[in-house]
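Okay, structure first, notes after.
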Amino acid sequence: MEGWPYTTFPTGWFQIEWSKELASGQVKTLHYFDQDIVLYRTESGLPVATDAYCPHLGAHLGHGGCVMGENLRCPWHGWQWDPKGRNAEIAFVDMTHPKANLKQWELREMDGLIIVWYDALGRAPLWEFPGVPEYSDADYYDAFTAVMGPAVLNPQQPRENTADLYHFPFVHGSAEPSELSEMEERGHVLYETMDLKLGGGKTSTWLTPNGPVNAQIVTNLYGLGLGVDRVIVDDDLTVVQVVAVTPVTKTESVLLSTAAGTRIPGTTEPTGRSKRMMESQHLQIGNDFEIWAHQKYVTKPYYAPKEGRFFNRVRSWAHQFYPADQYEHAEHNG
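Start counting the sequence shown at 136; every next residue gets the next number (the numbering used here).
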């Protein structure tokens with residue numbers, strides 16, 4: 136990406152699939168981080184992510200590989216691998232290979248999301264993602280999901296939206312910019328509260344039938360891969376959206392959007408303002424995505440009043456997630 140200051144993928148948790156898209160016994164090939172990942176679910180329901188190639192003779196496990204109980208079987212010679220990557224069976228031979236190992240990805244499944252850990256230095260997870268409890272809460276509708284991309288995009292770009300006060304009128308149709316009332320960096324997590332007037336200048340809209348309201352967007356960023364936005368419209372409506380950005384190559388990423396809204400009492404299927412707001416959140420992030428996908432990254436922008444200090448804080452916080460670049464820089468200058 137032109138102007139981009141980093142050369143490696145950032146460290147963190149990244150979404151690769153939704154739970155509902157992976158059935159028991161299913162094997163899928165996904166391409167992230169410049170490599171194929173084989174994702175499968177055992178017959179007992181355990182999701183597992185592995186490297187794509189069998190350690191025996193290199194067959195691609197995603198092309199013809201199948202689930203046998205709790206194991207993944209190679210399509211070429213039938214070697215089986217257990218969920219920890221250990222050789223569990225060699226076909227027609229009463230033995231296993233103690234040194235053979237199929238590399239596993241650290242994987243978590245929670246609240247309908249399947250996420251994996253990536254670190255260019257090969258470190259074990261440095262933190263855990265707490266999940267999104269609303270996605271398992273009966274007071275919320277089942278989430279709507281959407282995929283955008285791949286496009287020329289780095290996971291950091293969407294995270295800088297947390298500092299962008301002035302884009303709301305032009306990208307999202309608000310009457311005025313937002314106000315950032317709180318921002319706190321706490322290690323790998325960035326917390327923020329943004330105030331935004333909805334329905335400004337109008338007596339009534341589908342979202343604000345009783346006139347303009349002062350809404351809040353409460354954002355938690357867990358590294359650069361996972362962002363959770365809680366859009367609090369009023370006492371009767373909150374929409375919780377996960378904006379997950381996962382690298383496909385060094386220059387391209389996909390965006391996975393998940394949105395669930397407050398359940399209207401007595402209803403089973405999404406309806407009313409909640410349904411429209413769930414749909415709208417995908418449309419609104421799509422508007423952002425169109426900008427990011429054609430953006431040239433400016434390392435030293437000319438800032439408008441108020442925005443500079445927030446952008447600089449987000450960029451400074453994001454720097455910690457590129458340890459390989461920092462290590463190589465230190466080695467080069469050491």
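Even for Gly, the Cβ is constructed at its ideal location relative to N, Cα and C.
These numbers come from a predicted model, not from an experiment.
query	result
Cβ shell of GLY199 (< 7 Å), same chain only, five flanking positions each side left out	PRO210
Supposed contact pair GLY335 and SER316 - C-beta distance, whole angstroms, cut 8 Å	Not a contact, Cβ separation roughly 17 Å.
Residue range of the unbroken beta strand (DSSP E) whose run includes ASN236	Segment: none, ASN236 is in no beta strand (DSSP E) and carries neither H nor E.
Distance between GLY443 and GLN455 (C-alpha atoms, nearest Å)	20 Å
Test item: CB-CB of TRP240 and VAL251 under 8 Å	yes
Pairwise C-alpha distance: ARG448 and TYR175	39 Å
Burial state of ASP370, where buried means 16 or more other Cβ atoms lie within 10 Å	exposed
TYR438, buried or exposed, once every other Cβ within 10 Å from all chains shown has been counted against 16	exposed
Simplified DSSP state of THR297, which is helix, strand or coil	helix
Alpha-carbon to alpha-carbon, GLU244 and LEU372	27 Å
Residues of its chain near THR340, where Cβ-Cβ distance is below 6 Å and the 5 sequence neighbours each way are ignored	GLY334
As assigned by DSSP and simplified to three states, the class of ILE250	strand
C-beta atoms of PHE424 and MET283 nearer than 8 Å	yes
Enclosing alpha helix (DSSP H) for GLU263 [first to last residue]	Counting along the chain, GLU263 falls outside any alpha helix (DSSP H), and DSSP gives it neither H nor E.
Endpoints, the alpha helix (DSSP H) within which PHE424 is located	407-427
Cβ-based neighbour list, SER154, same chain, cut-off 8 Å, excluding 5 preceding and 5 following	PRO182, GLU244, GLY247, LEU248, ILE249
Beta-carbon gap between PRO304 and VAL378 smaller than 8 Å	no
CA-to-CA distance, THR402 to VAL267, given in whole angstroms	22 Å
Classification of GLU466 by the beta-carbon crowding that lies within 10 angstroms, buried from 16 upward	Note on GLU466: pLDDT 45, under 50, position unreliable in the model; the coordinate value appears next. So GLU466 ends up on the exposed side.
CA-to-CA distance, GLU387 to GLN161, given in whole angstroms	27 Å
Beta carbon of THR142 nearer than 8 Å to that of ASP460	yes
C-beta atoms of THR406 and ILE399 nearer than 8 Å	yes
Neighbourhood of THR231 by C-beta distance below 7 Å, restricted to the same chain and skipping five residues each side	ASN222, ALA223, GLU224, ILE225
Beta-carbon contacts of ILE172 that lie in its chain and below 6 Å, excluding the five residues immediately before and after	LEU165, ALA184
Residue-chain proximity (LEU157, chain D), Cβ-Cβ < 8 Å	Of the chains in the structure shown, none is chain D; there is only one protein chain.
Separation of ALA194 from GLY138, as counted between CA atoms	39 Å
Sequence ranges, beta strand (DSSP E) only - wholly within the segment 163-213, length at least 3	170-176, 182-186, 201-203, 206-208
Span separating the alpha-carbon of HIS464 from that of TYR457	For HIS464, the pLDDT reaches just 47, beneath the cut-off of 50, and the residue's location in the model is therefore unreliable, leaving the point undetermined.
Beta carbon of LEU529 nearer than 8 Å to that of GLN170	Only positions 136 to 469 of the chain appear in the structure, and residue 529 is not among them; the question remains open.
Simplified DSSP assignment, three categories, for ARG444	helix
heavy atom of the ligand ATP below 7 Å from ALA379 C-beta	Among the ligands in the structure shown, none appear at all, so the ligand ATP cannot be discussed.
Beta-ladder partner(s) of ILE399, from DSSP	The partner list for ILE399 (beta bridge, DSSP) is empty, contrary to what the question assumes.
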